[in-house]
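Report on the structure given below.
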Amino acid sequence: MRLEAKIAVITGGGSGMGKAMAMRFTEEGAKVVLADISGKQDEVAASLNEAAKAAGVNETIAVAVHANVASEDDVRNMIATAEGEFGRLDILCNNAGFGGPMAALADQDLETWNRVHDTNIKGPFLGMKYGIQSMLKTGGGAIVNTTSASGVVGWKHHSVYGAAKAGVNQLTMAAALDYSDQNIRINAIAPGTMWTGLVEASQTYDKPPADFPTLAGIPLGRWGLAVDIANAAVYLASDEAAYVTGVILPVDGGYCVGFSGMGAERPGIATVNEGET
Amino acid sequence: MAGRLEGKHAVITGAGSGMGRAMAELFAKEGAQVLCADISGQQEEVARSLGDAGVPFQADVSRSGDVQAMIAAAEDAFGRIDILVNNAGIAQMPVPMHEHSEELFDRIIAVDMKSVFLGMKYGITSMLKTGGGAIVNTASAAGLTAWKGTTSYGAAKAGVIQLSKIAAVDYAEHNIRVNAICPGYVWTSIIPGMGDTRVPPEGTPNPPGAPMERWALAEEIASAALYLASDEASFVTGTAFPVDGGYTTV
């Protein structure tokens, strides 16, 4: 049990990577607060509790809470929920995200800029602000921010999204230094092209069907799965990673380093759709 | 309950002490069989302590013949190699570049960087025969940022990072993943006088400028290697992963 007795808040816990984190974390002995704007967190929490009960665990292991991560009140409330239901906060996963339309920079609207930045960078800032305040009261903790490979390198038609994600990478590194001597570790996972809510077909298929095209430019030649991110999050959140802080870990099939040779065009990522992650 | 490396077969260089020893112990605990390679002779005791899971091998990783023989020995003992950890290395005392000898430069490059090329050259040849594998190379935070006085060590470790990335893109389509770990200050016996204790003795000064104000333990580097070597990291390749207490963010 790699996260035995840990209490975790996961934003965007109702679907995709957040849901996969909730499943892996509870498998490893943690209890979770699933915060989401969509309502889907209720069902995820219910099914985690049912599974626990069936396995003979006689306590609540998952609690659902509504949160718009760009709302300071909602974020304060989601942290307070963890403290109220479970007594403390050990792990915070700022994972909720919003994709926005793919377009060249001059074709992006200001409204998209605002919406993308509200969820994708203000949200993690608020989460860290209130999460850290809580963790300082109980002697420490671990924070894992879901950013993106598009915040590490340039992705065609992802300037607005990439900028917000790059901002979270920077928040991660600086905040890690703020609290490195107070037992709070802060890291980020930078997913590549993931088979989750940003890809429409993932609503129908759990994994890419055999004939679904893989994107060019990804060395490992496949889509990432939510569980790939969840496994990275388990490691970074656990005590095994006690000397890891301020790190941006790409989980991207090698995209950030892939370049297939002189003259080969580095493709952009062409299938991210508008909508919640 | 199955370990995280259940049924896997690993080769670890520099397994006689420090991070390599910690990796060998942790990998065996998680169900792997481990060929423990080292130049010092200490690998005998480490392999013995792992029981059936451990096989010792004497090797100077800067020598092509030794590395080839090491890979062949693992194939003989295990039938296949699933994991290769190129971890062996030596340090240098900090010295200004203009006073750094050519001899020391050649030696550090040979033991710390060429060794990784040799390990991957022969290790990948083996993995291609058996359908894939995972490689973890011990680089250093000193290969990502410039540590004063580390002309050869820094260059070698930066070279290890680049070799890792190139191998990652060369062999991704062959189901071989390659990642580099970049430790910061780790409590091992790599620096003369540090001794071979598992934790720093009482009163040991903190490493200079380390945000976490302590040394890493070898086990903490081993945990990172375990994650990267395991199937949990099946979408992770080409990374230079700092395990350095925040050092490279400064």
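Residue numbers (the working numbering), protein chains in the order written: chain A, 1 to 277; chain B, 1 to 250. Heads up, the beta-carbon is just placed ideally off N, CA and C, and yes, glycines get one too.
Cutoff 8 Å; reference residue i; Cβ partners in own chain excluding five residues on either side
i                : result
Ile81 of chain B : His9, Ala10, Val11, Ile71, Ala74, Glu75, Gly123, Ser126, Met127, Thr130 and Gly133
Beta-carbon contacts of residue i that lie in its chain and below 6 Å, excluding the five residues immediately before and after
i                 : result
Ala164 of chain A : Val116, His117, Asn120 and Ile121
Ala142 of chain A : Ile91, Arg185 and Ala237
Ile113 of chain B : According to the sequence provided, residue 113 of chain B is Met. The question's Ile does not apply to it. Here the set comprises Ala156, Gly159 and Val160.
Met97 of chain B  : Thr151
Gly14 of chain A  : Asp36, Ser38, Lys40, Gln41 and Val44
Ala230 of chain A : Ala20, Met21 and Arg24
Gly238 of chain B : Lys165 and Ala168
Pro267 of chain A : Only weak support is given to the placement of Pro267 of chain A: the predicted model assigns it a pLDDT of 48, under 50, and the question is left unresolved by the model.
Ala149 of chain A : Ala190, Gly192, Pro250, Asp252, Tyr255 and Cys256
Asn169 of chain A : Thr147, Gly151, Ala188 and Ile248
Asp60 of chain B  : Ile39 and Asp66
Ala226 of chain A : Gly16, Met17, Ala20 and Thr196
Partner residues on chain A for residue i, Cβ-Cβ distance less than 7 Å
i                 : result
Tyr227 of chain B : Tyr235
Glu25 of chain B  : Ordered by position in chain A, no residue passes the 7 Å Cβ test against Glu25 of chain B, which lies about 14 Å from the chain.
Lys165 of chain B : Val257
Ala216 of chain B : Tyr243
Pro249 of chain B : It is worth fixing the name first, because residue 249 of chain B is Thr in this sequence and not Pro. Result: Met173, Ala176, Leu177 and Gly246.
Any C-beta of chain A under 8 Å from that of residue i
i                 : result
Glu173 of chain B : yes
Val235 of chain B : A small correction: the amino acid at residue 235 of chain B is Phe; Val does not occupy that position in the sequence shown. Yes, its Cβ sits closer than 8 Å to a Cβ of chain A.
Ala69 of chain B  : no
Gly246 of chain B : yes
Gly159 of chain B : no
Thr239 of chain B : yes
Glu30 of chain B  : no
Glu6 of chain B   : no
Glu75 of chain B  : no
Glu232 of chain B : yes
Chain-order list of residues whose beta-carbon lies under 7 Å from that of residue i (same chain, five-residue window excluded)
i                 : result
Gly154 of chain B : Ala142, Gly143, Ala146 and Trp147
Ser152 of chain B : Gln92, His100, Leu104, Phe105, Ile108 and Ile109
Glu265 of chain A : A caution first: Glu265 of chain A carries a pLDDT of 46, below 50, which makes its placement in the model unreliable, though a value can still be read off. No residues qualify anywhere along the chain.
Gly12 of chain A  : Gly18, Asp36, Asn95, Ala96, Gly97 and Thr277
Glu274 of chain A : Only weak support is given to the placement of Glu274 of chain A: the predicted model assigns it a pLDDT of 40, under 50, and the question is left unresolved by the model.
Interface flag, residue i vs chain B, CB-CB below 8 Å
i                 : result
Val251 of chain A : yes
Ala55 of chain A  : no
Asp90 of chain A  : no
Gly18 of chain A  : no
Asn169 of chain A : no
Gly140 of chain A : no
Asn278 of chain A : Chain A is shown from 1 up to 277; residue 278 of chain A falls before or after that span and cannot be answered.
Asn49 of chain A  : no
Asn231 of chain A : yes
Asp228 of chain A : yes
Thr271 of chain A : Confidence at Thr271 of chain A is low in this model, with a pLDDT of 44, below 50, so the placement of that residue should be treated as unreliable; the coordinate-derived value is given next. It does not: the Cβ of Thr271 of chain A has no partner Cβ on chain B nearer than 8 Å.
Endpoints, the beta strand (DSSP E) within which residue i is located
i                 : result
Gly18 of chain A  : Run containing Gly18 of chain A: none in the beta strand (DSSP E); it sits in the alpha helix (DSSP H), Gly16 to Glu27.
Leu3 of chain A   : That residue, Leu3 of chain A, is in no beta strand (DSSP E); it is neither H nor E in DSSP.
Gly84 of chain A  : Not the beta strand (DSSP E): Gly84 of chain A falls in the alpha helix (DSSP H), residues Glu72 to Phe86.
His100 of chain B : Where His100 of chain B is concerned, there is no enclosing beta strand (DSSP E), given that its DSSP letter is neither H nor E.
Gly162 of chain A : Careful: Gly162 of chain A lies outside any beta strand (DSSP E), inside the alpha helix (DSSP H) at Ser159 to Asp178.
Glu34 of chain A  : Note on identity: in this sequence residue 34 of chain A is Leu, with Glu being the wrong assignment. Here the beta strand (DSSP E) through Leu34 of chain A covers Lys31 to Asp36.
Ile91 of chain A  : Ile91 to Asn94
Ile83 of chain B  : Ile83 to Asn86
Val243 of chain B : Ala240 to Val243
Partners in chain B for residue i, counting only beta-carbon separations shorter than 9 Å
i                 : result
Ala241 of chain A : Glu220, Ser223, Ala224, Tyr227 and Val243
Asp206 of chain A : Within 9 Å Cβ-Cβ: nothing; Asp206 of chain A doesn't reach chain B, min ~16 Å.
Asp36 of chain A  : Within 9 Å Cβ-Cβ: nothing; Asp36 of chain A doesn't reach chain B, min ~24 Å.
Gly224 of chain A : Phe235
Asp211 of chain A : Simply none; closest approach about 19 Å.
Proximal chain A residues relative to residue i, where beta-carbon distance stays under 8 Å
i                 : result
Pro211 of chain B : Ala176, Leu177, Ser180, Asp181, Thr245 and Gly246
Extent of the continuous alpha helix (DSSP H) run through residue i
i                 : result
Ile12 of chain B  : Here Ile12 of chain B belongs to no alpha helix (DSSP H); instead the beta strand (DSSP E) covers His9 to Thr13.
Ala72 of chain B  : Ser64 to Phe78
Leu118 of chain B : Ser115 to Lys129
Ile132 of chain A : Gly123 to Lys137
Lys29 of chain B  : Gly18 to Lys29
Lys40 of chain A  : Lys40 to Ala54
Ile221 of chain B : Ala218 to Ala229
Asn120 of chain A : First-last for Asn120 of chain A: undefined, no H or E at that position.
Gln255 of chain B : Because chain B in this structure spans residues 1 to 250, residue 255 of chain B falls outside the shown range and cannot be described.
Residue i: contacting residues in chain B (beta-carbon distance under 8 Å)
i                : result
Asp42 of chain A : The premise fails here: Asp42 of chain A is roughly 29 Å from chain B at the closest Cβ pair, so nothing lies under 8 Å.
- Identify every run of the beta strand (DSSP E) within the stretch 191–259 of chain A, keeping only runs that are complete inside it and at least 3 residues long; order them along the chain. 248–251
- Message: Threshold first: 4 residues or longer. Then list the alpha helix (DSSP H) segments lying entirely within the stretch 135–179 of chain B, N to C.
- Response: 151–171
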